Structure formats: C-alpha cells, structure tokens
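S.K.: Dropping a structure here in structure tokens format, bear with me for questions.
Number of protein chains: 2
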Amino acid sequence: MTGRLEIFGVKGIGEITRGTDLATVIAGAVELRPSDVVVVTQKIVSKAEGRLVPIDDSDPSERLALILEESVRVVRRRGELVISETRHGFICANAGVDLSNVDSGWAALLPDDPDRSARRIRDGLGARLGVDVGVVVSDTFGRPWRRGVTDVAIGCAGIAGVVDLRGTHDDRGRVLQATEVCVADEIAAAAELVMGKAGGIPVAVVRGVDPSWLRPGSVAEEIVRPPAEDLFR
Amino acid sequence: MTGRLEIFGVKGIGEITRGTDLATVIAGAVELRPSDVVVVTQKIVSKAEGRLVPIDDSDPSERLALILEESVRVVRRRGELVISETRHGFICANAGVDLSNVDSGWAALLPDDPDRSARRIRDGLGARLGVDVGVVVSDTFGRPWRRGVTDVAIGCAGIAGVVDLRGTHDDRGRVLQATEVCVADEIAAAAELVMGKAGGIPVAVVRGVDPSWLRPGSVAEEIVRPPAEDLFR
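If you read the sequences in order, they're chains R and W. Position 119 of the first sequence, counted from 1, bears residue number 119 in our numbering, the numbering being contiguous throughout. Take the position in the second sequence, starting the count at 1, then add 233; the result is the number in our numbering.
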C-alpha cells in the first residue's frame, strides 16, 4: 500500500457507439501518469464492442429469454429476479444483461472477454500516451447477505487481480493467514464513488496505488473462483 | 458523487489497548475537515473495547469452540474453515474471530455493536475537533464465487450505509432499476487500498464524498439483509 490515493472521474467521454476506440477517447480526455489505474465501466466497453442486442423491453418474457441465453446456470430465481452464472464464471443478477443507460429497445450484454477488453484499452493508452497504466473494467454486482450493489472488476490488465500477502508478517511477526486481497475489486469499488449511477462518468482514474500491484493481471484467472474450491455452488 | 476523492492512511496511531479512547488518538494524529469519512479497522475498535479473549492458539479445537460460540449458525464448513452467521447478521469466515495483529495467546472478537462503536468515535471526534465527520468501522471479509478478501463496513455513523438511487433517471431519462449502492462498503474497500494488511495503518481518511451521503447511517439497519429477502440463506 502507499500513503495516499487520488480518485477522480474523467469528464467529456461523450457518446460511445460500436467501433469507438476507447483508448483514443480516454487519451483525449485525461492526462495519465505512469502507474495510474484507469477504471472503465462495462457499459461503455460493451457499447464500443457492439455488445448490444435489440429487445422489446415491454415484454418480460423476451428479457428473461435473453438472460437465460447469457447464462450457463441459474443459481437462484425469485419472480423476475434471476441470479445466474455467466460463461465467464461471474455469478450476478440477470447474467449482466442491462437495460439502463442504453437506448430504449436495446440491451447491453457483458463483453465477451473483459480481460481482453482491458488489455486492448491498456495497449491503446500505452501507444497513444506512452504511459504504462493499469486498466480495470468494472460492473455493478449485488451480493448475498448484504444489501446494496457495489462495483467489482470483471476484467483487468496491467494491474493485479488479487495480491497475495500470505507469508508476510503482521505487526507481531506472526505469519498472516488468509490475506489474499482482491485489489482489483477494491479499485473498482473506489472508482464507483466518483462515478455515480446516472451514467455521466463512465471512466475514473485511481492514482497512487502500490507500484508492486502493477503487473499483468486477469480477473478470469485470479478472481473467478474455480467451482472445486467454492463452498457456494 | 463528486468529481474527486482523496484517501490517505493516518500514521502514528500507536498501540491500542482496552480503554484507549480512539477519538482522542485519531484527533491527535490527523487534521480532519467537515464531511471527511474516517475509516477505522475492526481490530483497533475491538482492542479499545476490550473484545480480546485468551486462547491457546496451538489448539485448533479451542479456536473452533470460540468460533462456534460467536456464531448463531454455521453456513458452510470445510476442514478448519467455518463460514458462519454472527449475532450481528454478518456472514463471514470464523465468525470474525481473528488471531492476526493481536498478541500470541489472544483472539480478537467483533465489537458488540459496531454501529455504536462508530457513533462513539464520531461523537468523540465532533467534541474534540468541532467537525462533523462520517465514521466507518471496517473488517475484511471473503465472499462467495470470487477469490480474495475485500474490506467492508461492519458499522457506520454520520455516513449512509446504502444510497438509494431508485427513482432517479439514467442518461436516457429512463428510471434506474436496482441502484441501491452500498457506499459504506465501497468506502471501506477504498480505504483498505492505503492500509494494507500488515496492521501498521489502522485508520484512513476518505475526503470528498458526496455531501448528501453524510447523514445518520447504520450497517445493521441498511446493509445486513433480512433473511426474508435473502436468496442465499
């Protein structure tokens, strides 16, 4: 950890449509420094990647069919609320299918491979600005047992998913147990605090993270818990 | 939301023992401004409140007995790992019983009423510094389906637990669905990024949160999901 973080939303991102190069847009909107982490919401990544499908949003059965198509398994269901597992291994409401902040008649699906999405943005920022940054693609998930949604990482590049502090010592010299910290999720949550939900600020910068966290990272490989070690599948 | 947050760890907190007045210690270590949110780790709150019990930590059965004593229900168990529900309604590993960053031969239990703990610190800071701040008591929890721990709020005062954005509109004028954001958890997660796990920095300040979030808050009332609406009990 470091002593101080600065987190700010990036204004002026404008409308994102299929084919928009997000790195170009972000590079034009903010001055980045080495070791900054850029957090980009899933919504604009999905739009840029053309992950929009037409939907009659007055018809709940059409919405449900789409959710089931995006799911590999339904985990829980109550009325219109479906908690399911996506192909990526995320367990979330509605398989990540989202009707907010998209035009009426359309639904946004999750990116095919959000780690790859993050890598593309990171590579593009490196090429355009000559800086080495981390990128987190964030989405808003609920969770069991606790009310309210929080933002989590669905993809990352150039920034660790999980930082393993096992084997380091606490302030008594005792070896720490169970201290694999999911810094990518904490960075996504922190960024949400300056983004809000109304859709105006889809990009934020987290400046000042521990430089040792800036390494190749992957949500799929580091954060998604394999079924065999999961007590809740 | 606002445009910019600053997050920094508070140095010089020193050793906390039973009866330490945390507000006095914090007030002596950092200059606070109105609307700052002070995040305090459970560990020092438990120490100040004398929530330490002697334990033979070479004896796993003694540790297990203590965990079960602190639980109202075991949710999952695999070997030495116990996920249980505490009296507070938290579902977490080992009922929050923690052996790290305490002297050998002792275990730290969760505060009796972490919202009350937060209120006391907040009231004390108000009395000593004349500033109105929010206080979050944080702890480190695992979660289903995702690897790595993150910090969450177990108590809060003067800052919202959950901010309800339902009924506000997205950037298409459509009413937003499912947008109760758990800002207290996001603030706890953000603070962890400057604290690390080694125990040296048990207090952090989050400066710049949306002023409308600074209102009486409660983890117990706002964040702990009542069993009737919980799909995962």
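Think of the CB as a built atom: it goes at the ideal place given N, C-alpha and C, for glycine as much as any other residue. Just so it is clear, the structure is predicted and the values come from calculations on it, not from any experiment.
How far does the alpha helix (DSSP H) with residue 448 of chain W in it reach, from first residue to last?
M.R.: Taken as a continuous stretch (DSSP letters only), residue 448 of chain W belongs to no alpha helix (DSSP H), as it is neither H nor E.
S.K.: Are the CB atoms of residue 203 of chain R and residue 13 of chain R within a distance shorter than 8 Å?
M.R.: Going by C-beta atoms, residue 13 of chain R is nearer than 8 Å to residue 203 of chain R.
S.K.: When we look at the beta-carbon of residue 382 of chain W and count the other beta-carbons within 10 Å, is it buried (16 or more) or exposed?
M.R.: Here residue 382 of chain W is buried: its Cβ has 16 or more other Cβ atoms, across all protein chains shown, within 10 Å.
S.K.: Within a Cβ cutoff of 6 Å, which residues of the same chain sit near residue 233 of chain R, ignoring the five residues on either side of it in sequence?
M.R.: 227
S.K.: Where residue 236 of chain W and residue 290 of chain W are concerned, what is the direct C-alpha to C-alpha distance, given to the nearest angstrom?
M.R.: Looking at the two C-alpha atoms, the distance is approximately 47 Å.
S.K.: Tell me whether residue 398 of chain W sits in a helix, a strand or coil according to DSSP, three-state version.
M.R.: coil
S.K.: With distances taken between CB atoms, is the gap from residue 95 of chain R to residue 46 of chain R smaller than 8 Å?
M.R.: no
S.K.: Should residue 1 of chain R be labelled buried (16 or more other beta-carbon atoms within 10 Å of its own) or exposed?
M.R.: For residue 1 of chain R, the predicted model reports a pLDDT of 44, less than 50, meaning its position is unreliable and no value from the coordinates is stated.
S.K.: Would you mind telling me which residues of chain R sit closer than 7 Å to residue 273 of chain W, beta carbon to beta carbon, in chain order?
M.R.: Ordered by position in chain R, no residue passes the 7 Å Cβ test against residue 273 of chain W, which lies about 16 Å from the chain.
S.K.: Compute the distance between the beta-carbons of residue 162 of chain R and residue 181 of chain R, then report whether it is under 8 Å.
M.R.: yes
S.K.: Apply the 10 Å Cβ neighbour rule to residue 51 of chain R and answer buried if 16 or more other Cβ atoms are within range, or exposed otherwise.
M.R.: buried
S.K.: Buried or exposed: residue 61 of chain R, going by 16 or more other Cβ atoms within 10 Å of its Cβ?
M.R.: exposed
S.K.: Establish whether the CB of residue 284 of chain W and some CB of chain R are separated by less than 8 Å.
M.R.: For residue 284 of chain W, the closest Cβ of chain R is not nearer than 8 Å.
S.K.: Which residues share a DSSP beta bridge with residue 134 of chain R?
M.R.: R/37
S.K.: For a quick check, are the C-beta atoms of residue 86 of chain R and residue 72 of chain R less than 8 Å apart?
M.R.: Cβ atoms of residue 86 of chain R and residue 72 of chain R: closer than 8 Å.
S.K.: Would a C-beta distance cut-off of 8 Å place residue 379 of chain W and residue 231 of chain R closer than the cut-off?
M.R.: no
S.K.: Taking 8 Å as the CB-CB limit, is residue 14 of chain R close to chain W?
M.R.: no
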